[in-house]
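Chemist: Residue numbering for the sequence shown is 18 to 366, as defined by our numbering.
Ideal Cβ placement from N, Cα and C applies to all residues, glycine included.
After the structure tokens below, expect a handful of questions from me.
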Amino acid sequence: MRGRWVWQCLVAGALGAVFVMGCGRGESKQELNLFTWSDYISEEAVRRFEEEYNAHVVIDTFEDNDELVAKLQAGVTGYDVIVPSDYAVQQLINLGLVLPLNKENIPNFQNLDPRFLDQYFDPGNVYSVPYLWGTAGIGYNSEVIPEPPDSWWILWDEKYKGEINMLDEMRETMAVALKMLGYSVNTTDPQQIAEARDLLIRQKPLVRSYTTETDDLMVSGQILLTHAWNGDVLRVAEEYPQWKYVVPKEGSTFFLDNLCIPKGTDNKELAEKFINFILEPEIIASVSAFTHYGNAVPASMDYLPEELKNDPAVFPPDEVIERLEMLRDVGDAEVLYGEAWTAIKSAGG
Ligand code: N2P
């Protein structure tokens with residue numbers, strides 16, 4: 018009897034060892050699920066994280082902050098790291114959809130420029146780590162429009178009917194109209210929101226599309242003008258230098274996108290390792306070099322290509338910065354924005 022038991026144990030042990038060895042040969046790779054904007058991380062950052070942590074990075078993309086918030090609110094799980102903008106971080110915190118970060122696991126937090134920390138949307142950076150920042154403005158095809166447009170009004174010019182794209186991002190697109198009217202992008206005044214709505218409805222017959230994924234439209238020549246984030250135009254411009262970017266004189270928005278860990282992650286430890294890894298100066302530099310967005314790690318400047326460092330469209334001069342406002346959570350007025358946006362989207366084009 019005893020002998021049989023010993024034999025069984027040996028077999029079980031051997032099987033166990035085979036299982037463990039099997040795991041060591043690949044199956045044990047941990048998965049890091051990143052939910053982010055399109056073209057918003059470098060291949061180098063992904064590859065090096067995968068190598069160093071024996072992990073596999075799975076990327077899923079969203080098109081705008083509302084989509085990200087709505088998905089998490091609807092209970093979609095399985096993501097370990099998400100990339101909300103400023104005001105969306107505030108919304109996610111209020112909804113209880115992001116987890117507090119354990120800074121002990123993120124020693125590279127000290128690499129961050131204090132100017133990007135402790136923002137209104139997350140005092141003390143309990144839930145968020147700054148990632149990339151940029152501006153919204155106008156991307157234009159300089160072969161056809163040689164003079165840099167200085168005003169948002171060009172997107173209302175009949176001459177370009179059917180060749181204009183607007184960002185499909187409620188707060189950003191409302192911000193264009195609000196700035197044209199001389200109002201704050203964070204107004205909660207129903208009258209001002211209604212005026213902005215009407216201006217965008219007036220523009221609609223000229224608009225070819227509303228999308229935040231503008232690359233193909235620019236490259237294929239289907240549009241001549243687009244409301245866009247700077248990096249998205251500058252990345253295309255590397256290969257298609259006719260595409261240029263300006264921030265109009267009426268002013269615009271400045272965004273700060275952040276790394277957060279959503280509730281429902283099943284690997285918070287790996288998520289924190291990933292965030293820490295991204296904050297390595299050389300790694301975040303590779304992200305900026307690819308995306309053409311500024312980052313919040315000053316030491317990364319040493320690794321950035323000269324042209325990028327000196328590009329005022331990436332690092333705007335003070336006179337441009339003065340014209341920029343950051344979007345904020347508008348609280349109850351969000352409903353008014355939502356109604357305005359629905360009216361714009363459903364208006365006859
Ligand atoms: C990247 C989009 C930039 C994110 N394709 C703006 N918050």
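Looking only at C-alpha atoms, which of Y262, M183, R252, V74 sits nearest to H244?
Modeler: Locating residue 244 in the sequence shown gives position 227, counting from the first residue. If we check each option's Cα against that of H244, M183 comes out closest.
Chemist: Going by C-alpha to C-alpha distance, which of V63, S145, P140 sits closest to E48?
Modeler: Walking along the sequence shown from the start, residue 48 turns up at place 31. For E48, the nearest C-alpha among the options comes from V63.
Chemist: Helix, strand or coil, according to DSSP, for K285 in the structure here?
Modeler: Sequence index remark: in the sequence shown, residue 285 carries index 268 (1-based). K285: helix per DSSP, three-state reduction.
Chemist: Are P131 and N293 close, meaning C-beta to C-beta below 8 angstroms?
Modeler: Taking the first residue of the sequence shown as 1, we reach residue 131 at position 114. Taking the first residue of the sequence shown as 1, we reach residue 293 at position 276. No, the Cβ-Cβ distance between P131 and N293 is not below 8 angstroms.
Chemist: Please classify T270: does DSSP put it in a helix, a strand, or coil?
Modeler: Residue mapping note: residue 270 aligns to position 253 of the sequence shown, counting from 1. Correct three-state label for T270: strand.
Chemist: How big is the Cα-Cα spacing for L242 and D232?
Modeler: Taking the sequence shown and counting its residues from 1, one reaches residue 242 at position 225. Taking the sequence shown and counting its residues from 1, one reaches residue 232 at position 215. If you take the alpha carbons of L242 and D232, they lie about 12 angstroms apart.
Chemist: Note down, in chain order, each residue of its chain lying with its Cβ closer than 6 angstroms to the Cβ of N142, except the 5 sequence neighbours on either side.
Modeler: As a first step, residue 142 is located in the sequence shown; it is residue number 125 there, counting from the start. Excluding residues within five positions, the ones whose Cβ falls inside 6 angstroms are L134.
Chemist: If we ignore side chains and look at the alpha-carbon of each, how far apart do S145 and W173 end up?
Modeler: As a working mapping, residue 145 is identified with position 128 in the sequence shown. As a working mapping, residue 173 is identified with position 156 in the sequence shown. Their backbone Cα atoms lie some 37 angstroms apart in a straight line.
Chemist: Using 8 angstroms as the threshold, is the C-beta distance between V106 and C277 below it?
Modeler: Along the sequence shown, read from residue 1 onward, the residue named residue 106 stands at position 89. Along the sequence shown, read from residue 1 onward, the residue named residue 277 stands at position 260. Yes, these two residues count as a Cβ contact at 8 angstroms.
Chemist: Pull up the CB-CB distance for Y354 and I218, whole angstroms please, since I reckon it's below 8 angstroms.
Modeler: For this step, residue 354 is matched to residue 337 along the sequence shown. For this step, residue 218 is matched to residue 201 along the sequence shown. Y354 to I218, Cβ: 14 angstroms. No contact.
Chemist: Taking 8 angstroms as the CB-CB limit, is L149 close to chain C?
Modeler: Within the model displayed, chain C is absent; a lone protein chain is all it includes.
Chemist: Starting from N111 and walking both ways along the beta strand (DSSP E), at which residues does that stretch end?
Modeler: In the sequence shown, the residue the question calls residue 111 occupies position 94. That residue, N111, is in no beta strand (DSSP E); its alpha helix (DSSP H) goes 103-111.
Chemist: For the candidate residues K120, D56, A254, whose alpha-carbon lies nearest to that of T229?
Modeler: What you label residue 229 is simply residue 212 of the sequence shown in a count that begins at 1. If we check each option's Cα against that of T229, D56 comes out closest.
Chemist: Are the region 90-99 and the region 248-265 touching by the rule of at least three beta carbon pairs closer than 8 angstroms?
Modeler: The answer is no - the region 248-265 does not touch the region 90-99, with fewer than three Cβ pairs under 8 angstroms.
Chemist: With H, G and I counted as helix, E and B as strand and the rest as coil, what does DSSP make of L184?
Modeler: To locate residue 184, count along the sequence shown from 1; it is residue 167. Correct three-state label for L184: coil.
Chemist: Near V35, what residues of its chain come up, given a Cβ to Cβ distance below 8 angstroms and the 5 sequence neighbours on each side ignored?
Modeler: To locate residue 35, count along the sequence shown from 1; it is residue 18. Low confidence applies here, because V35 scores a pLDDT of 40, under 50, leaving its location unreliable; read the following figure in that light. Here the set comprises nothing.
Chemist: I think P375 touches D319, with their Cβ atoms under 8 angstroms apart; what is that distance to the nearest whole Å?
Modeler: Examination of residue 375 is not possible in this model, given that the chain is present from 18 through 366 alone.
Chemist: Hey, could you find the ends of the beta strand (DSSP E) G151 is sitting in?
Modeler: Indexing the sequence shown from 1 puts residue 151 at position 134. Its beta strand (DSSP E) spans residues 146-158.
Chemist: Check whether the Cβ atoms of F291 and D103 sit closer than 8 angstroms, and answer yes or no.
Modeler: For the purposes of this step, residue 291 is taken as the residue at position 274 of the sequence shown. For the purposes of this step, residue 103 is taken as the residue at position 86 of the sequence shown. The answer is no: Cβ separation not under 8 angstroms.
Chemist: Please enumerate, following chain order, all residues with a beta carbon closer than 6 angstroms to at least one heavy atom belonging to the ligand N2P.
Modeler: Those satisfying the condition are, in chain order, W54, S55, D56, Y57, S102, W246, D249, F272, D274.
Chemist: Name the residue from R340, D328, W54 whose alpha carbon lies nearest to the alpha carbon of S202.
Modeler: Residue numbering aside, residue 202 sits at position 185 when the sequence shown is read from its first letter. The sequence shown places Val at residue 202, rather than the Ser named in the question. That would be R340, whose Cα lies nearest to the Cα of V202.
Chemist: Could you check where the alpha helix (DSSP H) with R225 kicks off and where it finishes?
Modeler: One-based indexing of the sequence shown puts residue 225 at position 208. First-last for R225: 224-227, but that is the beta strand (DSSP E), not the alpha helix (DSSP H).
Chemist: Please state the DSSP three-state secondary structure of P165.
Modeler: Along the sequence shown, read from residue 1 onward, the residue named residue 165 stands at position 148. Correct three-state label for P165: coil.
Chemist: How about the region 111-130 and the region 64-82: do they share at least three Cβ pairs that are nearer than 8 angstroms?
Modeler: Short answer: they don't touch.
Chemist: Rounding to the nearest angstrom, what Cα-Cα distance links L114 and S159 in this structure?
Modeler: The count along the sequence shown starts at 1 and reaches residue 114 at position 97. The count along the sequence shown starts at 1 and reaches residue 159 at position 142. Straight-line Cα distance between these residues: approximately 43 angstroms.
Chemist: With a threshold of 6 angstroms on Cβ separation, who are the neighbours of W150 within its own chain once the five nearest residues in sequence on each side are excluded?
Modeler: The residue labelled residue 150 in the question sits at position 133 within the sequence shown. Closer than 6 angstroms at the Cβ level, and outside the excluded window around W150, lie L273, G311.
Chemist: At what residue ranges does the region 199-262 contain a whole run of the beta strand (DSSP E), taking only runs of 3 or more?
Modeler: Taking only runs of at least 3 residues, the beta strand (DSSP E) segments lying wholly in the region 199-262 are 224-227, 242-246.
Chemist: Given V236, which residues of its chain have a CB within under 7 angstroms of its CB, disregarding the five upstream and five downstream residues?
Modeler: Working through the sequence shown from its first residue, we reach residue 236 at position 219. Same-chain partners within the cutoff: V253, Y257.
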